[in-house]
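Asks:
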Amino acid sequence: MMRWKALISAALASASLPAVAMAEDGYALWMRYQPQAAIPGEVVRQPVSIVVPNATPTLTRAAEELRRGLSGYAAGPVATAPAVRAGSVMLAVAGDPAVASLHLPTRSLTDEGYLVRSVTIGGAPVTLVTGNSDRGVLYGAFALLRHLGTGGTLAKVDLTSTPKVKLRVLNHWDNLDGSVERGYAGQSIWDWWNLPDLKDPRYTDYARANASIGINGTVLNNVNAKADSLTAPYIAKAAALADIFRPWGIKVYLSARFSAPIEIGGLKTADPLDPQVAAWWKAKADEIYRAIPDFGGFLVKANSEGQPGPRDYHRSHADGANMLAAAVAPHKGIVMWRAFVYADTDPDDRAKQAYTEFKPLDGTFADNVLVQVKNGAIDFQPREPFHPLFGAMPKTPLVMEFQITKEYLGFASHLAYLGPLFQEVLDAPTGVKRGQTVADVVDGSAEGHRLTGMAGVANIGRDRDWTGSPFNQANWYVFGRMAWDPEADADTIAREWAAQTFTPDPAVVDPVVAMMMGSREAVVDYMTPLGLAHLMATGHHYGPGPWVSDLARPEWNPAYYHRADKQGIGFDRTRSGSNAVAQYAPPVAKRFADVGTVPERDLLWFHHVGWDRRMASGRTLWEEMVRHYDAGVGYVAGMRQQWDALRPRIDAERWEKTATLLAIQEREARWWRDASLAYWMSVNGRALPAGVRAPEHDLAWYKAQNFPRAPGHTG
Ligand code: BDP
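In case it helps, mature numbering (1 follows the signal peptide of the UniProt record, and there is no 0) puts the sequence shown at residues -21 to -1, 1 to 694.
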């Protein structure tokens, strides 16, 4: 009887869910669940029944998702059945008597891992999806769908995995007015105005997509936060979203504005050591938890780029973080306190400020505080060496913050798969202990931290395809998969994504993955080769502006970063310069500080060198730079050709959009190359190597380009 009820409720839940759009407009993301072609040698394709012996809201959704997915797999319509029979898929937690009696290795799955295996129950061959919690089972259901979507079959399934990172969180830089800071896929998906009443079906699809890649948290509002998001009406709106996300294993977090006690609390101060301030936050946390019992906690940007913070009261970041942590601790909440701090009043170079400020605080943070560190020391550039804080704060859990939205990598219009960027940072040796990588720090294995996290600044907006282009979806996807396993391989994940998003046919997957894997390096080449950084135009960060040198604060000027003159180029971060290199552990510092051992890709990040310096290739630095610019443009031209060849194999809508965006990218890659070369030549007085094409326009033309209406602007 119970079983029937579970199945009926699964069916009812399905009726209330929106159908995945049938048009190939990208809305379905990687969850297209295409009917699979018959696989040679496969025994029989028969309808698959899904059995949920003990339903919970999460298991019901997992069953529904499988029902959707398997309908593409099975030859006939999906039947649900009250009893386990041959060919069933059974969803049950490991403690369920039917599962426990199988004595499967489920202990090591902890609370979110899954095991999907072909087993025999009551004499019938069954595909069992299990885990220690219903969230584990949900992830198992998605793993099974991934397996099928990448060409696998239901025969002899054996899939198991446990997430290595506990908090796998999207950070939305979404404003309450519907705009998205650094967002290039339309307005915010949160309809704050009509919430909590209007629950856009899209919220459910958002949750499904995140759950499918293991994301278990979402910070709803911009780190440049408004205090309003902590008022009762906005708490109710956040609670409505939390109710939708909960069965999908996703917790809601809020960015907290540090001065909220003044702005909405009527206090005269936000000093973290003032008892009234602490009491205000405690009461505020209690209020939030009454509405959202599993509220995740707060994300805070303090004393950075003009945001308020504890330093306004001569208190430390730890004082501020710990005060908030005490407010959420009784409810098991956490605080993610960002280390992206730089103050325009601080005379120290921007790249050094986070380390200088946070390293001495190691060991002073409360147990439920994590410090959130951007992948590099400046700001989400196409390439930055890993942030020196990774490995430098052993007593503090550090959250890795990646930017999924491509603020500095050509917005949503350029194709740049970020998997290789994420992997490059995560694989970097910290130099602190032999063999220790940034991934070991992030997943807690370096120091035995249990509370661990990875955050990605979302690239999601109201565009029909969510991310502004089909290929940007891959960056959302790879973020989730790498947050689950920071040692995962970017190429493998690209394959998975391409197979599910287009088709598992290698004739599509191979060229698509080939395009993706070199695409980020191409952006580095045509924008900021050989360790250059921050050469983008002011404010919107769109297009080249290496000549900009008139902004008030030195660090806002590209000229500050490249330091090019007639003799040479690059930022000296060694002892003879800013000595930022000394923030790394000695073996890494030594390697970066020596111009003979620093990887060429980081050369100009750490060193100021002459234009005639000999590079490994035998070319001079100048010739090598020119070669990189040309390689970047050439790669984009190559992607266009590869994409053209794929035309017969990709649906028209997604093919067309991608082809158009690639044409834009090629034009803009040329613009970056030409503008940069025109500028460097004006500084170094050199000619282009023989046979190299001259920039299309003169420097004045490039300088005159102006885009005040570029999207994602901070206003
Ligand atoms: C920079 C962005 C800015 C963000 C800031 C941050 O340009 O819009 O507010 O980072 O991370 O990349 O706080």
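For every residue, glycine included, the Cβ atom is placed at its ideal position computed from N, Cα and C.
Helix, strand or coil: which one does DSSP assign to Trp169?
Replies: Of the three classes helix, strand and coil, the one that applies to Trp169 here is coil, per DSSP.
Asks: Hey, Trp590 and Arg665: beta-carbon distance below 8 Å or not?
Replies: Yes.
Asks: Leaving aside the five residues before and after Ala356 along the sequence, list all residues of the same chain whose C-beta is less than 6 Å from its C-beta, in chain order.
Replies: Result list for Ala356: Ala330, His366, in chain order.
Asks: To test your reading of the DSSP string, which unbroken beta strand (DSSP E) runs of 3 or more residues are found completely within the segment 100 to 129?
Replies: The qualifying runs are 103 to 109.
Asks: How long is the line joining the alpha carbons of Leu81 and Ala103, rounded to whole angstroms?
Replies: If you take the alpha carbons of Leu81 and Ala103, they lie about 13 Å apart.
Asks: Work out the CA separation of Phe458 and Gly193 for me, nearest whole Å.
Replies: Approximately 10 Å between the Cα atoms of the pair.
Asks: Express the C-alpha separation of Val417 and Gly575 in angstroms, rounding to a whole number.
Replies: Rounded to the nearest angstrom, the two C-alpha atoms are 24 Å apart.
Asks: Express the C-alpha separation of Lys412 and Asp442 in angstroms, rounding to a whole number.
Replies: Near 45 Å, if we compare the C-alpha coordinates of Lys412 and Asp442.
Asks: Helix, strand or coil: which one does DSSP assign to Ile214?
Replies: The answer is helix: DSSP assigns Ile214 an H, G or I state.
Asks: Under 7 Å Cβ to Cβ from Asp298, same chain only, skipping five residues before and after it: list those, please.
Replies: Around Asp298: Pro251, Leu252, Pro289.
Asks: Comparing the CB of Asn438 with every heavy atom of the ligand BDP, is any distance shorter than 7 Å?
Replies: Incorrect: Asn438 has no Cβ contact closer than 7 Å to the ligand BDP.
Asks: Answer with buried or exposed for Ser283, where buried requires no fewer than 16 other C-beta atoms within 10 angstroms of its C-beta.
Replies: Result: buried.
Asks: Indicate, with yes or no, if the ligand BDP has a heavy atom lying under 7 Å from the CB of Val492.
Replies: Val492 Cβ: outside cutoff for every heavy atom of the ligand BDP.
Asks: Starting from Ala572, follow the beta strand (DSSP E) in both directions and report where the run begins and ends.
Replies: Taken as a continuous stretch (DSSP letters only), Ala572 belongs to no beta strand (DSSP E), being part of the alpha helix (DSSP H) at 565 to 572.
Asks: How about Leu209 and Lys263: do their beta carbons lie closer than 8 Å?
Replies: Contact flag set, yes.
Asks: Measure the C-alpha to C-alpha separation of Pro525 and Asp677 and round it to an integer number of angstroms.
Replies: When rounded, the distance between both Cα atoms is 14 Å.
Asks: Does the beta-carbon of Pro627 have 16 or more other beta-carbons within 10 angstroms, so that it is buried, or is it exposed?
Replies: It is exposed - the Cβ of Pro627 has fewer than 16 other Cβ atoms within 10 Å.
Asks: Confirm, please, whether the CB-CB distance from Pro668 to Glu602 is below 8 Å.
Replies: In this structure, Pro668 lies closer than 8 Å to Glu602 by Cβ.
Asks: Against chain B, does Gly432 count as a neighbour if the rule is that its beta carbon must be under 8 Å from one of theirs?
Replies: Among the chains in the structure shown there is no chain B, since it carries only a single protein chain.
Asks: Do Asn200 and Lys230 count as a contact pair if the criterion is CB distance below 8 Å?
Replies: Taking 8 Å as the Cβ cut-off, Lys230 and Asn200 do not qualify as a contacting pair.
Asks: Does the ligand BDP have even one heavy atom less than 7 Å from the beta-carbon of Asn203?
Replies: Checking the Cβ of Asn203 against the ligand BDP gives yes.
Asks: Which residues bound the beta strand (DSSP E) around Trp316?
Replies: Counting along the chain, the beta strand (DSSP E) containing Trp316 begins and ends at 313 to 317.
Asks: For the structure I just gave you, are there three or more beta carbon pairs, one from the segment 33 to 44 and one from the segment 209 to 226, closer than 8 Å?
Replies: With the cut-off at 8 Å, the segment 33 to 44 and the segment 209 to 226 touch.
Asks: Quick one: is Ser392 buried, meaning 16 or more other Cβ sit within 10 Å of its Cβ, or exposed?
Replies: Buried is the call here.
Asks: Measure the beta-carbon distance from Pro508 to His607 and round it to whole angstroms, keeping in mind my assumption that it falls under 8 Å.
Replies: Indeed, because the Cβ distance is near 4 Å, the residues count as touching under 8 Å.
Asks: Here's the rule: buried if 16 or more other CB atoms are within 10 angstroms of the residue's CB, otherwise exposed. What is Ala221?
Replies: Buried: at least 16 other Cβ atoms inside 10 Å.
Asks: Using the C-alpha atoms, what's the distance from Gly389 back to Val615?
Replies: Going from the Cα of Val615 to the Cα of Gly389 covers about 13 Å.
Asks: Measure from the alpha carbon of Gly432 to the alpha carbon of each residue in Gly547, Ala239, Gly245, Asp419, then state which is nearest.
Replies: Checking every option, the nearest Cα to that of Gly432 belongs to Asp419.
Asks: Between which residues of its own chain and Ala(-16) is the CB-CB distance below 6 Å, once the five residues before and five after are set aside?
Replies: Low confidence applies to Ala(-16): its pLDDT is 40, below 50, so where it sits in the model is not reliable, and the reading given next is rough at best. Excluding sequence neighbours, Ala(-16) sits near Val31, Ala34.
Asks: Compute the beta-carbon to beta-carbon distance between Trp445 and Ile383, rounded to the nearest angstrom, for a pair I have assumed lies under 8 Å.
Replies: That pair is no contact at about 11 Å.
Asks: Considering only their Cβ atoms, is the gap separating Thr85 from Ala73 smaller than 8 Å?
Replies: Yes, the pair counts as a contact, with Cβ atoms nearer than the cut-off.
Asks: Give the straight-line distance between the Cα atoms of Lys135 and Arg187, rounded to the nearest whole angstrom.
Replies: If you take the alpha carbons of Lys135 and Arg187, they lie about 26 Å apart.
Asks: Once the 5 residues before and after Ala425 are set aside, which same chain residues still bring their CB inside 6 Å of it?
Replies: Here the set comprises Gln415, Asp419.
Asks: What do you get for Asn354, buried or exposed, if any count of 16 or more other CB atoms within 10 angstroms of its CB means buried?
Replies: Classification for Asn354: buried.
Asks: Taking 8 Å as the threshold (C-beta atoms), are Ala122 and Ser140 in contact?
Replies: Yes, Cβ-Cβ distance for Ser140 and Ala122 is below 8 Å.
Asks: Out of Leu117, Ala462, Phe481, Asp468, which one is the CA nearest neighbour of Pro449?
Replies: Nearest C-alpha to Pro449: Phe481.
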